[in-house]
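What follows is a set of notes on a single structure, which appears directly below.
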Amino acid sequence: MGGPSSLTPIQSNVLNLSLTYTLSDPELALLEKGLFSIPTPSGTDMAELRRDVSNYHRRLKLLNYFGFTGGKKTGLFTEPSNWEPNWDRLAGPVKEIIESDLRALKKVPGRRREMGRDNLSAEERRALAGLRGNSDLVLKPADKGSKIVIQDKAQYNNNNNNNNNNNNNHLFYIALS
Numbered sequence: 019m020g021g022p023s024s025l026t027p028i029q030s031n032v033l034n035l036s037l038t039y040t041l042s043d044p045e046l047a048l049l050e051k052g053l054f055s056i057p058t059p060s061g062t063d064m065a066e067l068r069r070d071v072s073n074y075h076r077r078l079k080l081l082n083y084f085g086f087t088g089g090k091k092t093g094l095f096t097e098p099s100n101w102e103p104n105w106d107r108l109a110g111p112v113k114e115i116i117e118s119d120l121r122a123l124k125k126v127p128g129r130r131r132e133m134g135r136d137n138l139s140a141e142e143r144r145a146l147a148g149l150r151g152n153s154d155l156v157l158k159p160a161d162k163g164s165k166i167v168i169q170d171k172a173q174y175n176n177n178n179n180n181n182n183n184n185n186n187n188h189l190f191y192i193a194l195s
């Protein structure tokens, strides 16, 4: 059974207000890194990258072929085209850009070990997946300070409803000029 974490060290940047969830050590270590820390990617989606580069090259070829104008106007409902200008009809600088991109694409690391050292331990990766998948928790930065606050979703929604229904809360607008 969880509860507001009295076990969390006082110097911690994580404040667990959840009544039902207790953070594990890997979850706490992960959250101590901050909400905006970025895990090392697990790898590059090479299929998506190749598709994006191919679409970019097609647009370059079309712009070059049609003289960097908008081309002819078409109706609202036209079938999408996958036509590309012939390689021989492209200007030299466009060919150089495409060839340079294709050379660079071959050097893109596809796996994490090629991308460098992972900045999360295996336990922290599992903790990240677990926290992402837990729809009953709300993690947010504290209103003041640099703490991360963890609450049950029901508790969070209840607090928001109470604050919105409280007649003592008034908003004032003061013009500065």
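For the sequence shown, the numbering used here gives the first residue as 19, with consecutive numbering after it. Even for Gly, the Cβ is constructed at its ideal location relative to N, Cα and C.
If you look at VAL126, you'll find it isn't in any alpha helix (DSSP H); DSSP assigns it neither H nor E.
As the crow flies, the alpha-carbon of ARG68 is around 14 angstroms from that of GLY61. By the Cβ rule, the region 34-54 counts as touching the region 170-180, because three or more pairs are nearer than 8 angstroms. Segment contact: the region 38-51 against the region 153-169, three or more CB-CB distances shorter than 8 angstroms; contact assigned. By the Cβ criterion, the region 68-81 is in contact with the region 95-103, since at least three pairs of Cβ atoms, one from each stretch, lie closer than 8 angstroms. Per DSSP, LYS79 lies in no beta strand (DSSP E) segment; the continuous alpha helix (DSSP H) that holds it begins and ends at 64-83. Residue environment analysis places LEU48 among the buried positions, since at least 16 neighbouring C-beta atoms fall within 10 angstroms of its C-beta. Leaving aside the five residues that flank PRO111 on each side, none in its chain has a CB nearer than 7 angstroms to its CB. Runs of the alpha helix (DSSP H) lying entirely within the region 131-181, each at least 4 residues long, are 140-151 in chain order.
Under the criterion of beta carbons closer than 8 angstroms, GLU45 and LEU149 qualify as touching, at roughly 6 angstroms.
Burial check for VAL32: the Cβ neighbour count within 10 Å reaches 16 or more, so the residue is buried.
Distance check between PHE84 and each of LEU108, LEU94 and ASN73 places LEU108 closest, using alpha-carbon atoms only.
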